[in-house]
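Report on the structure given below.
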Amino acid sequence: MAGSVVAAVLHALIAHRQHQEKQREVAGEERIEPGFVFTNEKGSPIDRHNLAYRHFRPILKEAELPRIRLYDLRHTAATLSLAAGIPVKVVSEMLGHASVALTLDVYSHVLPHMQEEAVQRMAALLEGENGVEWPEQVVSAQTADRHTTGTQRKTKKSQTVM
0 MAGSVVAAVL
10 HALIAHRQHQ
20 EKQREVAGEE
30 RIEPGFVFTN
40 EKGSPIDRHN
50 LAYRHFRPIL
60 KEAELPRIRL
70 YDLRHTAATL
80 SLAAGIPVKV
90 VSEMLGHASV
100 ALTLDVYSHV
110 LPHMQEEAVQ
120 RMAALLEGEN
130 GVEWPEQVVS
140 AQTADRHTTG
150 TQRKTKKSQT
160 VM
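So for the sequence shown, numbering that gives the first Met the number 0 puts the first residue at 0; every next one is plus one.
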């Protein structure tokens, strides 16, 4: 499934690039090339007001959807990502937030229903239910070495005290 989505996005970007090349040929020297993926017909960055009023709102109206701000799509994507279990750190990076704290402050309303699932997973892990195993990082060789070293120190101390 994920591979098909990645392939679909890749094909859409390739088609978009080909469309831009055609626009470049039509516009000739008038076209600006600032290096953006999405531009207007002349190659300039898309004006957000034009995008909202000329394109986004007509699409909403045609689809008989409620009028929302274009920016609301960002919140929807973040909310759906968190609800789907995508780690907060990944969502934070996708949104360009400076820290995970900002993402948690804004989207914490999405997380409460996820707490029950987290409790169930932790209980399954601690109770050793079938199919639930400790992550390899938790039981790493480094952790085992530290534990062994600590035990050896305690043993040496107890031997010298006796």
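For glycine and all other residues, C-beta sits at the position ideal for the given N, C-alpha and C.
Residue from the options with nearest C-alpha to residue i
i: R16; options: A51, V36, V8; result: V36
i: V25; options: K41, Q114, V105; result: K41
i: H108; options: L81, E126, E116; result: L81
Nearest-angstrom Cα separation, counted from residue j out to residue i
i: A100; j: R120; result: 24 Å
i: A76; j: I85; result: 11 Å
i: G2; j: V118; result: 31 Å
i: L110; j: S98; result: 17 Å
i: H48; j: R66; result: 15 Å
i: V38; j: I45; result: Val is not the amino acid found at residue 38; the sequence shown has Thr there. Taking the straight line from one Cα to the other gives about 5 Å.
i: R73; j: G95; result: 11 Å
i: V87; j: A11; result: 28 Å
i: A6; j: A14; result: 12 Å
i: K155; j: L125; result: Annotation note: pLDDT 49 at K155 (below 50); position unreliable, no value reported.
i: E92; j: D71; result: 18 Å
i: Y106; j: T78; result: 7 Å
i: V89; j: A83; result: 12 Å
i: E69; j: L50; result: Per the sequence presented here, residue 69 reads as Leu, with Glu not at that position. Looking at the two C-alpha atoms, the distance is approximately 9 Å.
i: K21; j: L64; result: 33 Å
i: E28; j: G34; result: 15 Å
i: E32; j: A123; result: 56 Å
i: E116; j: G127; result: 16 Å
i: S43; j: H18; result: 15 Å
i: R53; j: A62; result: 15 Å
Residue i - DSSP class collapsed to helix/strand/coil
i: S91; result: helix
i: I13; result: helix
i: A7; result: helix
i: H96; result: coil
i: L110; result: coil
i: G27; result: helix
i: E128; result: coil
i: A122; result: helix
Start-end ranges of the alpha helix (DSSP H) lying completely within the stretch 29 to 78, minimum 4 residues: Along the length of the stretch 29 to 78, whole alpha helix (DSSP H) runs at least 4 residues long occupy 56 to 61, reported in chain order.
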